[in-house]
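One structure is given here, and the rest of the page talks about it.
In this note's numbering, the protein residues as written are 227 to 666.
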């Protein structure tokens with residue numbers, strides 16, 4: 227015969243209830259912070275009335291459900307009236323705290339607990355009043371591990387007579403819980419709900435659990451705030467790096483083009499003049515467009531202007547071929563990404579070559595990626611030299627670094643070269659056909 231389950235003593239039942247209460251607070255806080263609209267409210271300290279009402283509703287609805295569960299099925303751990311109303315006031319202001327207090331106090335009032343409603347509203351106003359006098363950032367420093375440094379905070383308060391907000395934030399829920407215990411002892415559980423401790427040790431545990439029910443949500447929500455801010459800073463940092471890398475291209479390209487023009491001024495002045503006109507048009511286009519991301523169609527249009535300049539320099543010796551998949555024209559890519567590759571093909575591949583030179587620009591879409599090739603039939607280089615070229619020169623190094631910064635370490639410039647036959651520079655980027663632009 228199996229033994230009968232031993233019933234819990236009053237102390238054991240109270241301890242179990244306190245543990246479950248803290249667990250419910252942690253679960254509810256984690257669930258709320260997963261909603262983007264709730265996180266946005268947490269990020270701002272100055273909230274308008276719609277945001278305060280949304281915040282009050284976000285807390286009030288589940289807290290009211292907890293009070294109803296306590297009244298209907300005697301699930302005492304679900305009643306978070308004190309901590310919930312105080313938190314609402316502390317984070318959203320006295321009126322939001324009072325609204326939450328009123329909402330959670332009404333079911334208890336209907337059940338005959340006449341002190342529950344004014345006490346809950348008072349908890350909301352207490353949290354809101356503390357928010358009005360307390361530095362806003364100090365609220366987010368209140369941690370569940372407050373007791374580890376409590377002696378230092380108390381000593382600082384006593385020794386220097388300086389306000390320590392951690393001690394005040396701790397004293398508020400402690401005082402409210404002691405008031406509830408006093409009211410419960412005076413008017414019994416029929417007028418206000420409270421967890422009656424059998425002795426002083428359990429009273430300390432009840433007070434400690436109330437403080438934890440306030441501190442845990444603050445800790446969880448503050449971690450979400452910090453994580454969001456770090457993500458925003460990472461986005462700003464990436465945009466700044468992209469901006470810095472993109473700014474390297476224009477001076478490098480301008481220097482090389484002006485060097486070419488200077489070599490033609492004496493021997494071919496008309497050609498030099500035409501190049502200057504073409505260059506001014508290209509620079510005007512670059513200055514007009516400050517976007518770091520463009521479609522492949524726009525990038526090819528900019529490349530055509532650059533190739534016009536190179537065609538004037540090289541004449542019929544230079545041939546340009548294009549094999550562009552129409553489906554790839556709307557793929558979004560970093561701007562001025564192809565120009566350094568074509569410039570490198572002309573300078574290092576075709577210039578030393580005797581006879582006609584050919585550059586092929588090819589694009590395809592495959593397996594969720596856009597593949598862009600710049601192929602020349604120049605002199606080519608060895609594999610070791612191709613690696614040095616990719617990491618040594620400004621243009622190719624810049625292209626490689628921009629790919630890594632924007633798309634991750636798995637996306638890099640690929641150079642395949644065969645001495646005497648030519649070089650293929652390949653870019654593989656994720657398929658993004660919806661314009662996603664970062665403006666300067």
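For each residue, glycine too, the CB sits at the ideal point set by N, CA and C.
I need the boundaries of the beta strand (DSSP E) containing residue i, first residue and last residue.
i	result
residue 543	Neither: residue 543 is in no beta strand (DSSP E) and is coded neither H nor E.
residue 652	648-656
residue 600	595-602
Starting from residue i, trace the alpha helix (DSSP H) in both directions and tell me its first and last residue.
i	result
residue 635	From DSSP, residue 635 is part of no alpha helix (DSSP H); its letter is neither H nor E.
residue 586	Per DSSP, residue 586 belongs to no alpha helix (DSSP H); it is in the beta strand (DSSP E), 583-592.
residue 643	Note, residue 643: premise wrong, no alpha helix (DSSP H); beta strand (DSSP E) at 640-644.
residue 307	307-318
residue 347	342-359
residue 607	It is not in any alpha helix (DSSP H) - residue 607 carries neither H nor E in the DSSP assignment.
residue 264	262-269
residue 565	565-570
residue 239	236-259
residue 493	Neither: residue 493 is in no alpha helix (DSSP H) and is coded neither H nor E.
residue 573	Here residue 573 belongs to no alpha helix (DSSP H), and DSSP marks it neither H nor E.
residue 366	Unbroken run through residue 366: none, as it is neither H nor E.
residue 413	391-413
residue 418	Here residue 418 belongs to no alpha helix (DSSP H), and DSSP marks it neither H nor E.
residue 286	275-299
I'd like to know whether the C-beta atoms of residue i and residue j end up nearer to each other than 8 Å.
i	j	result
residue 309	residue 330	no
residue 606	residue 648	yes
residue 327	residue 349	yes
residue 504	residue 534	yes
residue 356	residue 318	no
residue 295	residue 419	no
residue 354	residue 315	yes
residue 571	residue 525	no
residue 693	residue 435	Outside the displayed range of the chain (227 to 666) lies residue 693, so it cannot be described from this structure.
residue 255	residue 446	yes
residue 604	residue 579	yes
residue 303	residue 250	yes
residue 325	residue 282	yes
residue 392	residue 433	no
residue 597	residue 539	no
residue 565	residue 532	yes
residue 557	residue 500	no
Since residue i and residue j are thought to touch, with beta carbons under 8 Å apart, how far apart are those beta carbons, to the nearest angstrom?
i	j	result
residue 638	residue 630	6 Å
residue 555	residue 523	4 Å
residue 368	residue 395	5 Å
residue 366	residue 448	4 Å
Identify every residue that forms a DSSP beta bridge with residue i.
i	result
residue 550	589
residue 559	520
Practice task
Examine the Cβ distances between the stretch 620-636 and the stretch 582-601 and report whether three or more of them are shorter than 8 Å.
Solution key: Fewer than three pairs of CB atoms, one per stretch, sit closer than 8 Å, so the stretch 620-636 makes no contact with the stretch 582-601.
Practice task
Taking 8 Å as the threshold, find out whether the stretch 305-323 comes into contact with the stretch 431-440 through three or more Cβ pairs.
Solution key: Cβ pair count under 8 Å is three or more, so yes.
Problem - Touch test, the stretch 480-487 against the stretch 395-410, Cβ-Cβ under 8 Å, three pairs minimum - result: Verdict: no, contact absent.
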